[in-house]
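J.: Protein chains in written order, with our numbering: chain A, 62 to 457; chain B, 62 to 457; chain C, 62 to 457. Using N, Cα and C, we set each Cβ at its ideal position, and we do this for glycine too.
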Amino acid sequence: MNQRRRHDTDGSAYWGGEASFMDDITLVGAGTACGEYLRRYWHPIGLARDAGDRPRKVRALGEDLILFRDGAGRPGLLHARCAHRGTTLYYGRVEPEGIRCCYHGWLFDREGRCLDQPCEPDHGAKHRHGVRQPWYPVEERYGLIFAYMGPPERQPLLPRYDILENLGDGESIEADDSSIGSGGPVIVPCNWMQHYENVMDPFHVPILHGSFSGAQFVAAMGRMPEVTFAETDRGVRSLQVRPLDGGRRLDRITEVVLPTLRVVPDPRLDHHGPASSIGWVLPIDDTSFRIYTAGRVREPGELSRQRSRFGGKMWFELTQEEHQRMPGDFEAQVGQGAITLHSEEHLTSTDRGVATLRRLMKRQVAAVADGADPLGARRNGADPLVRLDAGNYIAS
Amino acid sequence: MNQRRRHDTDGSAYWGGEASFMDDITLVGAGTACGEYLRRYWHPIGLARDAGDRPRKVRALGEDLILFRDGAGRPGLLHARCAHRGTTLYYGRVEPEGIRCCYHGWLFDREGRCLDQPCEPDHGAKHRHGVRQPWYPVEERYGLIFAYMGPPERQPLLPRYDILENLGDGESIEADDSSIGSGGPVIVPCNWMQHYENVMDPFHVPILHGSFSGAQFVAAMGRMPEVTFAETDRGVRSLQVRPLDGGRRLDRITEVVLPTLRVVPDPRLDHHGPASSIGWVLPIDDTSFRIYTAGRVREPGELSRQRSRFGGKMWFELTQEEHQRMPGDFEAQVGQGAITLHSEEHLTSTDRGVATLRRLMKRQVAAVADGADPLGARRNGADPLVRLDAGNYIAS
Amino acid sequence: MNQRRRHDTDGSAYWGGEASFMDDITLVGAGTACGEYLRRYWHPIGLARDAGDRPRKVRALGEDLILFRDGAGRPGLLHARCAHRGTTLYYGRVEPEGIRCCYHGWLFDREGRCLDQPCEPDHGAKHRHGVRQPWYPVEERYGLIFAYMGPPERQPLLPRYDILENLGDGESIEADDSSIGSGGPVIVPCNWMQHYENVMDPFHVPILHGSFSGAQFVAAMGRMPEVTFAETDRGVRSLQVRPLDGGRRLDRITEVVLPTLRVVPDPRLDHHGPASSIGWVLPIDDTSFRIYTAGRVREPGELSRQRSRFGGKMWFELTQEEHQRMPGDFEAQVGQGAITLHSEEHLTSTDRGVATLRRLMKRQVAAVADGADPLGARRNGADPLVRLDAGNYIAS
């Protein structure tokens with residue numbers, strides 16, 4: 062192999078070296094540093110209605126799981142491979158007490174206890190208690206099913222958020238699983254962090270969503286804002302100040318709540334005041350993700366009407382040439398590759414939100430590896446709501 | 062990487078470790094222990110009519126081969142890559158004396174001898190004898206073409222089986238290549254052993270083929286049998302005793318004959334007495350297999366009518382939801398993954414047929430690695446037929 | 062694992078060993094010996110009209126690039142990943158001065174200089190000069206765009222060839238990107254060298270293109286020629302002598318000009334005299350290639366009418382059985398596998414053209430690794446044209 066050294070006298074593409082990515086803020090599998098960090102939090106893995114009497118495949122953090130709901134109405138989330146001989150429980154039958162494998166009929170409850178082994182003497186009464194189907198605890202909230210996939214003794218409370226509580230008259234919480242905010246299809250084929258750090262990158266808005274594609278949102282969002290970033294006790298926040306007509310001013314606050322929450326106020330500015338929805342980025346595996354959203358609405362279907370349009374078309378209606386002419390978040394983020402190559406980046410002053418988020422995430426990942434609890438993990442039921450700052454505010 | 066240790070106090074799926082499979086009873090490639098063991102036997106690689114004047118691709122034990130029939134009516138099986146410059150003989154031309162490569166016209170007979178090199182001086186008369194296209198011996202029997210892919214000096218006789226010999230009036234042998242018994246399509250995308258060991262698992266029948274999917278066969282088969290397993294001089298046998306109406310008793314014997322034969326009597330119980338067909342599981346490679354079958358029939362097409370139906374439909378007609386509601390062998394076995402993870406299993410008393418087969422196979426694989434001949438390998442032409450026990454017998 | 066030794070007493074396919082390929086004349090990636098050698102030459106990477114105001118994906122030598130043309134009409138070729146945060150410039154916008162990334166609007170000229178960073182203070186005036194988008198020099202000639210992907214200080218002149226210069230009245234140069242000569246589709250899924258060495262293999266012509274498929278070209282080409290090979294100062298040449306009717310003789314000269322040029326006179330013999338076109342084999346990556354062609358024509362479209370026909374049909378119109386009955390270069394070369402296994406070959410006297418080319422290529426690859434310039438690399442602008450010998454000549 063020939064020797065190559067990078068030297069940038071003329072910028073030739075010839076002088077490329079080995080490119081690499083930061084694995085400690087990207088990889089999600091069990092046993093990886095970032096994967097273990099992510100496993101210290103609750104993640105949404107389905108809509109409440111996804112848990113029913115037909116077993117449903119779930120893939121989260123690189124693990125294959127089966128979601129169902131038992132006869133008492135309680136959702137269950139089990140490893141897909143049956144503990145007996147490994148057949149997937151996707152072909153199992155949901156029964157009042159749990160789910161029964163199709164192959165030899167072992168019946169498991171929602172916590173993996175084996176309740177029946179019909180081929181065994183006395184239905185396995187003697188030995189079945191020694192078997193446990195691997196399971197994860199789940200809870201329902203805001204129309205979503207949340208799972209905790211980490212070490213049981215570290216299980217935190219499932220948080221509540223102020224903007225989704227204390228509903229007013231005529232308000233309700235709506236849940237959505239269509240990856241609102243991805244700018245593309247439900248399952249996005251790139252690493253989750255490429256999307257997540259984008260939330261702390263307000264500078265791309267006037268370019269990608271403004272001058273580039275025409276005003277994808279509204280005219281005011283096309284103006285370059287003054288931006289201040291700050292770490293919070295739960296993540297990172299950005300304050301974007303834009304002048305409005307008539308001498309007024311728009312103060313827009315966007316925030317990320319670790320490890321995967323995006324709190325983005327209405328980018329069309331129809332609503333002022335606090336943000337009304339939260340999106341959770343679910344890493345499916347290292348190279349794909351989806352977004353679950355819960356929001357305060359006045360009418361059913363209000364959330365899903367927020368999906369992006371490009372020249373009046375939905376993303377899947379665009380031709381290849383239209384994708385090139387009117388790119389959005391999907392094109393920009395998937396266009397970075399399956400996992401972007403951080404070694405090739407040139408960060409500048411306007412990337413300081415991204416840099417702040419990455420640094421915080423790295424410290425958190427390291428802290429968990431050292432045995433500490435991560436930011437925001439609460440175990441005390443008397444803890445108050447998580448209070449969020451995100452919103453669009455008019456100042457004069 | 063964080064430390065994780067398995068501890069089963071609460072069964073959490075979090076405590077998963079590294080999962081693994083038994084490579085000595087699964088992998089089929091040349092040079093693997095199991096692959097070398099399998100190469101000590103004859104395997105069917107096509108129907109007799111597959112060998113003709115159009116070269117046919119065959120993939121067996123991970124090797125790419127070409128099947129054809131020369132002008133004297135003799136089938137030939139050669140490595141697909143031409144010994145000259147590696148072009149596949151799939152584009153070759155079958156001639157009276159053998160097959161000719163399309164690229165430079167080298168002609169090989171069915172034993173790989175090079176008979177012509179038309180571009181060379183004097184058609185290669187001086188040097189062509191130094192070249193041999195890699196070949197395998199083949200024999201035709203029961204409407205199938207069998208190949209021996211092992212070391213030549215260890216080549217055993219191609220066995221005859223009593224249930225396929227001494228035909229009665231109006232009987233004939235029919236061959237089938239549609240993977241009867243797979244419960245699905247012709248090529249099944251998982252390791253062959255997942256199917257093969259299923260033959261020594263009679264307990265799944267009343268569950269998977271009975272209570273789960275409605276009676277896929279007949280009502281009597283839905284009853285849980287009394288089962289006895291025994292090693293034989295050729296494999297493993299199971300005797301399943303089920304009560305019948307009127308005080309009678311069904312004694313059903315199923316057997317596997319190593320390394321890949323499945324002898325399963327009619328599961329619809331239309332026929333009593335000895336089994337009338339044999340299925341050979343052909344490992345295509347590590348993660349796919351197919352089944353060739355030969356059976357004694359009274360009418361043409363009788364064999365293929367045995368293919369499974371689910372609620373009256375063929376497998377490929379089912380919707381995804383119907384596959385979930387009426388799973389069969391295909392769903393159960395492919396649902397174990399490309400190669401099942403034996404380390405994650407919990408075998409019980411009703412898996413003792415599977416365990417017996419695995420142990421026998423492991424001993425045989427080890428014996429061959431130590432230089433011994435495996436079970437059932439015969440070289441003496443005077444040897445009697447292989448006598449099989451499989452059948453449905455009524456006792457009163 | 063069992064021990065296996067090759068011994069050819071009976072030619073059994075059982076005695077296969079580990080097969081391998083020659084990496085020094087096949088692999089094209091940056092840092093490989095062959096890849097570095099190839100990077101010392103200019104390669105066509107598109108038609109002139111491919112460079113326009115819509116960014117176009119180019120893949121060459123395993124690298125992903127973007128081709129465009131700036132407002133001054135100059136083509137540019139940049140690494141696809143934006144130097145800022147890695148988004149592909151495929152979604153960029155072509156502007157008068159260069160191409161602008163969709164994500165944060167960085168603008169690069171055709172030599173990678175960063176001209177604008179609209180989100181940065183003062184449009185990045187202070188820091189943008191420290192960033193350079195990786196770029197390659199390109200030149201247009203013969204209707205093609207050529208790129209030099211090697212070390213800048215070793216950049217040779219883009220050569221001119223006598224047969225494409227000094228056009229006569231009514232003649233013009235036509236360019237084609239449809240892989241004329243591949244015998245199949247535009248992108249061929251095998252290593253480029255399998256095609257390239259075929260050019261120095263005139264013996265396959267009477268077989269593959271003659272007796273095998275009927276006369277794919279003309280009857281005279283179906284006769285086995287007398288062949289002489291010779292190294293030239295630029296590659297390898299073959300002289301093929303065939304008798305013609307009436308006591309005349311056809312002297313046909315075919316040549317390869319390193320590293321990827323094929324100069325093949327009209328195989329239908331409609332034209333006598335010097336060859337009228339050159340084909341450049343572009344390795345897309347290790348396992349696929351395409352061919353760009355430039356030729357002297359009298360009518361537009363003349364070049365593309367040279368594409369092969371099989372029994373009157375285009376390649377993509379053939380059934381699978383017709384591909385088997387009438388194989389051509391595509392079937393023969395792709396049929397050698399993604400990268401052919403040289404260790405399994407048996408070369409003979411009629412492979413001496415292939416062997417000569419391989420040896421020359423290996424010496425050249427080694428010379429470049431040792432710091433020398435390769436064959437044909439010129440830096441002196443006063444150098445004469447490259448004079449080619451290829452042609453069909455009638456002698457009496």
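Out of Asp-237/C, Gly-173/C and Met-254/C, which has the shortest C-alpha to C-alpha gap to Val-247/C?
T.: With distances taken between Cα atoms, Val-247/C lies closest to Asp-237/C.
J.: Under 7 Å between C-beta atoms, does Gly-271/B make it to chain F?
T.: Structure shown: chain F not included; protein chains present are A, B and C.
J.: Which residues in the same chain as Ala-144/B place their Cβ atom closer than 6 Å to its Cβ, once the five residues preceding and following it in sequence are excluded?
T.: Excluding residues within five positions, the ones whose Cβ falls inside 6 Å are Val-192 and Gln-194.
J.: Tell me which residue opens and which closes the alpha helix (DSSP H) that Asp-461/B is part of.
T.: What the structure shows of chain B is the stretch from 62 to 457, and residue 461/B is not part of that stretch, so it cannot be assessed.
J.: Using the beta-carbon of each residue, which ones in chain A are nearer than 8 Å to Glu-405/B?
T.: Result: Arg-142, Ala-144 and Gly-147.
J.: Short check: CB of Gly-296/B to CB of Val-317/B, under 7 Å?
T.: In contact: Gly-296/B and Val-317/B (Cβ atoms closer than 7 Å).
J.: Would DSSP call Tyr-353/C helix, strand or coil?
T.: Strand.
J.: Going by alpha carbons, who is nearest to Arg-284/A out of Arg-298/A, Phe-264/A and Thr-293/A?
T.: Taking only the C-alpha atoms, the option nearest Arg-284/A is Phe-264/A.
J.: The beta strand (DSSP E) that contains Leu-128/B, what's its start and end?
T.: First-last of the beta strand (DSSP E) with Leu-128/B: 124-130.
J.: When we look at the beta-carbon of Asn-227/B and count the other beta-carbons within 10 Å, is it buried (16 or more) or exposed?
T.: When all chains shown are included, Asn-227/B counts as exposed.
J.: Give a yes or no on whether the minimum CB-CB distance between Pro-435/C and chain A is below 7 Å.
T.: By this cut-off, Pro-435/C is not an interface position.
J.: Hey, Val-415/C and Glu-200/C: beta-carbon distance below 7 Å or not?
T.: Result no, Cβ atoms of Val-415/C and Glu-200/C do not sit closer than 7 Å.
J.: In chain C, what lies closer than 9 Å to Thr-293/A by C-beta?
T.: Going along chain C, no residue has its Cβ under 9 Å from Thr-293/A, so there is no contact; the nearest lies around 23 Å.
J.: Using a Cβ cut-off of 7 Å, which residues of the region 393-404 of chain C contact any Cβ in chain B, in chain order?
T.: Correct list: Ala-393, Gly-396, Gln-397, Gly-398, Thr-401 and Leu-402.
J.: Taking Tyr-75/B and Gly-437/A to be in contact with their CB atoms under 8 Å, please state how far apart those CB atoms are, rounded to whole angstroms.
T.: 20 Å between Cβ atoms; not a contact.
J.: I want to verify the contact list: residues of chain C whose CB lies under 7 Å from the CB of His-265/A, in sequence order.
T.: Here the neighbours are Tyr-164 and His-165.
J.: Using a C-beta to C-beta distance shorter than 7 Å, which residues of chain A count as neighbours of His-188/C?
T.: Near His-188/C (Cβ distances below 7 Å), the residues of chain A are Thr-409.
J.: Ordered along the chain, which non-local residues of its own chain (more than five positions away) have a Cβ less than 6 Å from that of Ser-349/C?
T.: For Ser-349/C, where only same-chain residues beyond five positions count, the Cβ hits under 6 Å are Ile-248 and Pro-250.
J.: Counting beta carbon pairs with one atom in the region 91-106 of chain C and one in the region 428-444 of chain C, are three or more of them shorter than 8 Å?
T.: Touching, per the Cβ criterion.
J.: Can you give me, in chain order, the residues of the region 242-268 of chain A that have a beta carbon less than 7 Å from any beta carbon in chain C?
T.: Of all residues in the region 242-268 of chain A, Phe-264, His-265 and Ile-268 have a Cβ within less than 7 Å of some Cβ in chain C.
J.: DSSP state of Pro-179/B, grouped into three classes?
T.: In this structure, Pro-179/B counts as coil in the three-state DSSP scheme.
J.: Would Gly-340/A and Arg-323/A be called neighbours here (beta carbons separated by less than 7 Å)?
T.: Cβ atoms of Gly-340/A and Arg-323/A: closer than 7 Å.
J.: Kindly provide the ranges of any beta strand (DSSP E) runs that are 3 or more residues long and lie completely inside the region 240-297 of chain A, ordered along the chain.
T.: Listed in chain order, the complete beta strand (DSSP E) runs (minimum 3 residues) inside the region 240-297 of chain A are 287-292.
J.: Would you mind telling me which residues of chain C sit closer than 8 Å to Ala-281/A, beta carbon to beta carbon, in chain order?
T.: None at all; the shortest Cβ gap to chain C is about 17 Å.
J.: Give me the Cα-Cα distance between Met-62/C and Gly-432/B, rounded to the nearest whole angstrom.
T.: Its pLDDT being 35, under 50, Met-62/C is placed unreliably by the model, and nothing is read from it.
J.: Report buried or exposed for Pro-182/C, applying the criterion of at least 16 other Cβ atoms within 10 angstroms of its Cβ.
T.: When all chains shown are included, Pro-182/C counts as exposed.
J.: Looking at chain A, is there any beta carbon in it that lies within less than 7 Å of the beta carbon of Pro-217/B?
T.: False, the Cβ-Cβ gap to chain A never drops below 7 Å.
J.: Measure the Cβ-Cβ separation of Ile-224/C and Gly-204/C and say whether it is below 7 Å.
T.: Not in contact: Ile-224/C and Gly-204/C (Cβ atoms no closer than 7 Å).
J.: Which bits of chain C does Met-422/A rub up against, with CB to CB less than 7 Å?
T.: Simply none; closest approach about 16 Å.
J.: Tell me whether Asp-142/C sits in a helix, a strand or coil according to DSSP, three-state version.
T.: With the sequence shown as reference, residue 142/C is identified as Arg, and Asp is not the correct amino acid for it. DSSP places Arg-142/C in strand when its eight states are reduced to three.
J.: Which residues mark the beginning and the end of the alpha helix (DSSP H) in which His-384/C is found?
T.: 381-386 is the extent of the alpha helix (DSSP H) around His-384/C.
J.: Does the separation of the CB atoms of Tyr-164/A and Ala-133/B fall below 7 Å?
T.: No, they are not a contact pair.
J.: Is Pro-328/B close to chain A, meaning its C-beta is less than 7 Å from at least one C-beta of that chain?
T.: Closer than 7 Å: no.
J.: Counting contacts by CB-CB distance shorter than 7 Å, is Pro-388/B in contact with chain A?
T.: It does: the Cβ of Pro-388/B has a partner Cβ on chain A nearer than 7 Å.
J.: What separation, rounded to the nearest whole angstrom, lies between the Cα atoms of Leu-330/B and Arg-110/B?
T.: Their Cα atoms are separated by approximately 31 Å.
J.: According to a CB-to-CB cut-off of less than 8 Å, which residues of the region 84-104 of chain B neighbour chain C?
T.: Answer in chain order: Ala-91, Gly-92, Thr-93, Ala-94, Glu-97 and Arg-100.
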